[in-house]
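Take the sequence shown: its letters are residues 40 to 190, numbered as in my numbering.
We treat Cβ as the ideally placed atom computed from N, Cα and C, and that holds for glycine.
Heads up, the thing below is written out as structure tokens.
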Amino acid sequence: METAKKSRRIVSVYARLITQSVACARYDARHESREAYVHALMFYSPLVTDQIKTRRKTVTIRLGDKSDKYEKGMIVAVLVGQRFGPRERVFDAVIDKVEVKPLGDVSPREIQHENAQLRTLDEFVDFLRRLYNRDVREDDTVTVIHFSEIR
40 METAKKSRRI VSVYARLITQ SVACARYDAR HESREAYVHA LMFYSPLVTD
90 QIKTRRKTVT IRLGDKSDKY EKGMIVAVLV GQRFGPRERV FDAVIDKVEV
140 KPLGDVSPRE IQHENAQLRT LDEFVDFLRR LYNRDVREDD TVTVIHFSEI
190 R
């Protein structure tokens with residue numbers, strides 16, 4: 040009788056190990072397939088499409104903390120087009136720097152690299168209001184993403 044208990048216990052342990060191994064294999068497969076995705080910087084506004092295509096835009100400033108989505112050294116496709124519509128791949132880029140800070144701390148140089156037509160923080164805040172169609176204040180958190188074309 041004692042041998043039967045040991046056998047059942049051994050079978051139970053093996054069954055748990057097999058279940059855990061299968062779960063780990065599923066996790067690994069999901070993790071590996073995530074790495075195959077292409078990351079992108081998408082630009083929907085026709086206001087910036089020309090700047091992207093002429094390579095004058097080297098910074099994008101996004102409302103909110105996007106540091107979990109974009110990291111230094113990441114390779115991204117730079118896309119322009121309509122939201123929920125066709126998009127055009129303009130070039131591939133590497134992310135050079137990602138900074139999270141209050142909108143009021145964005146430098147004039149960063150503003151010009153975001154949009155060469157803008158000179159002051161007030162102009163940029165107004166631009167973001169129109170772009171995001173909501174109220175934007177200088178104490179809102181933004182993510183400044185610097186990128187360079189890969190040739």
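Three-state class that DSSP yields for residue i in the structure shown
i: Gly-143; result: helix
i: Arg-173; result: coil
i: Asp-165; result: helix
i: Ile-150; result: helix
i: Leu-160; result: helix
i: Val-77; result: coil
i: Ala-155; result: coil
i: Asp-1; result: Only positions 40 to 190 of the chain appear in the structure, and residue 1 is not among them; the question remains open.
i: Glu-188; result: strand
8 Å CB neighbourhood of residue i in its chain, flanking five on each side removed
i: Phe-186; result: Leu-80, Thr-97, Val-98, Thr-99, Val-115, Val-117, Ala-132, Val-133, Ile-134, Asp-135
Opposing strand residues paired with residue i [DSSP bridges]
i: Gly-120; result: Arg-126
Cβ shell of residue i (< 7 Å), same chain only, five flanking positions each side left out
i: Glu-110; result: Ile-134, Val-137
Beta-carbon spacing of residue i, residue j below 9 Å
i: His-152; j: Met-113; result: no
i: Pro-141; j: Thr-159; result: no
i: Leu-183; j: Val-139; result: Checking the sequence shown, residue 183 turns out to be Val, not Leu. A contact, by the Cβ cut-off of 9 Å.
i: Thr-180; j: Asp-104; result: yes
Element boundaries [alpha helix (DSSP H), containing residue i]
i: Ile-91; result: 85 to 92
Residues near residue i in its chain [Cβ-Cβ closer than 6 Å; skip 5 each side]
i: Tyr-83; result: Arg-122
i: Arg-95; result: Ala-155
i: Val-175; result: Val-164, Leu-167, Arg-168
i: Arg-128; result: Ala-116, Leu-118
i: Arg-101; result: Thr-182
Limits of the beta strand (DSSP E) - the one that residue i falls within
i: Arg-101; result: 98 to 102
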